[in-house]
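Everything on this sheet refers to the single structure shown next.
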Amino acid sequence: EGGVSRPMGWALRAMAARVVAMAGQATKNQKAAVRSEVKERLRRVTGDEAARESGAIARAFLSWPPFRDATRVGLFVSSPKLKEVQTEGLIEHCLGGNKKCFVPKVSGDGLMHMLQIESLADLSPEPPYNIPEPKERDAVGNPRPEASEVGLDLFIIPGLAFDDQGRRLGRGAGYYDIYLEKFFKSQERANRARPVLAAVCFDCQVVPEVPCEDHDMRVDALVTPGKIFDFR
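Here the sequence shown stands for residues 2 to 233, where the numbers follow my numbering.
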């Protein structure tokens, strides 16, 4: 009996590993299918529809307490090429009010940072998607403050697909997944409160269920043109 238990144990572990690998591959295939479907839906969204739904989302934010009461907001700069919810109006509102605004900057090593800006004039388009980004230093040569150094009250992120349980599917590059993991760990070490993590999307980006893996992070809220889903 003792002579067969170890080989049987190895076989069971090997079988378990194969099952996990197959499940992981199945989830990746499901993610690819959802990405393909939602990208096709976005291709059918007209410029007028995008502007109308983006306006509805911006108005929803203005009366939503986590945005209204925030003094430090992390916010992505939208890309027309990617057909994202337009965020210029929200950025202008932050800059014109009592809110510090932090936006993404992808450095030469491919990592994303969230840097504070003072004006939309601080942004200039960067390849390959011509997404406006700030320079790492301001006009007088000082390093721009990074969100992880001061903390955020609200962090607004994009995504490709979402469901009504807070699951998010990105475009596959992993910029936000990598940054968020590091950001939240840095805030925990600094004993700062975790910001509300909110996402925005057009109606066509909401799907019945987003395929999810253990490491995938869920959002605290999802703001669509017609509804705010608050999962907290």
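Glycine included, each C-beta is placed from N, C-alpha and C at the ideal position.
Distance between residue j and residue i (C-alpha atoms, nearest Å)
i      : j      : result
Gly111 : Lys84  : 22 Å
Glu189 : Phe156 : 16 Å
Val208 : Lys106 : 29 Å
Glu150 : Ile179 : 17 Å
Val234 : Ile229 : Any property of residue 234 remains undetermined from this structure, which presents the chain solely from 2 to 233.
Cys202 : Glu119 : 26 Å
Gln117 : Asp123 : 10 Å
Gly56  : Gly227 : 11 Å
Phe77  : Leu91  : 10 Å
Pro81  : Ala51  : 9 Å
Gly152 : Arg73  : 7 Å
Leu43  : Ala33  : 15 Å
Val35  : Glu182 : 24 Å
Pro66  : Phe185 : 22 Å
Glu210 : Asp139 : 42 Å
Ala174 : Asp154 : 25 Å
Ser187 : Gly48  : 39 Å
Met218 : Tyr176 : 13 Å
Ile58  : Glu127 : 26 Å
Lys100 : Ser37  : 37 Å
Arg233 : Arg145 : 31 Å
Arg69  : Pro159 : 19 Å
Met115 : Asp164 : 26 Å
Ser108 : Cys95  : 24 Å
Gln206 : Gly98  : 30 Å
Asn131 : Ser125 : 8 Å
Ser64  : Gln87  : 18 Å
Val46  : Arg60  : 20 Å
Asp231 : Glu89  : 23 Å
Ser79  : Pro129 : 14 Å
Nearest-angstrom Cβ-Cβ length linking residue i and residue j, presumed shorter than 8 Å
i      : j      : result
Val197 : Phe62  : Rounded, the Cβ-Cβ distance is 12 Å, inconsistent with contact.
Glu147 : Leu121 : With 8 Å as the limit, Glu147 and Leu121 do not qualify as a contact, their Cβ atoms being about 19 Å apart.
Gly75  : Phe103 : 5 Å
Ala222 : Ala191 : Not really, about 23 Å apart at Cβ, beyond 8 Å.
Asp204 : Glu54  : 7 Å
Val39  : Ala194 : No, Val39 and Ala194 are not in contact; Cβ-Cβ is about 33 Å, not under 8 Å.
Residues that DSSP places opposite residue i in a beta bridge
i      : result
Cys102 : Val74 and Ile118
Asp221 : Per DSSP, none; premise fails for Asp221.
Val107 : Met113
Phe230 : Leu223
Item checked: the segment 25-38 in contact with the segment 211-220 per 3-pair CB rule at 8 Å -> Result yes; three or more Cβ-Cβ pairs closer than 8 Å.
Checklist line | Any 3 or more C-beta pairs closer than 8 Å across the segment 156-175 and the segment 129-143 | finding: In this structure the segment 156-175 does not lie against the segment 129-143, because fewer than three pairs of beta carbons, one per stretch, are closer than 8 Å.
Next item on the list: At 3 residues or longer, and completely inside the segment 118-162: list those beta strand (DSSP E) runs for me, N to C.
Entry: Inside the segment 118-162, DSSP marks whole beta strand (DSSP E) runs of 3 or more residues at positions 124-127, 132-135 and 155-158, from first to last along the chain.
Item checked: Any beta strand (DSSP E) of 3 or more consecutive residues that is wholly inside the segment 37-82 -> Runs of the beta strand (DSSP E) spanning 3 or more residues and lying entirely within the segment 37-82 occur at 73-76, in chain order.
Next item on the list: Only counting runs of 3 or more residues, tell me where the beta strand (DSSP E) segments fall wholly within the segment 156-211, in order along the chain.
Entry: Segments of the beta strand (DSSP E) lying fully in the segment 156-211: 197-201.
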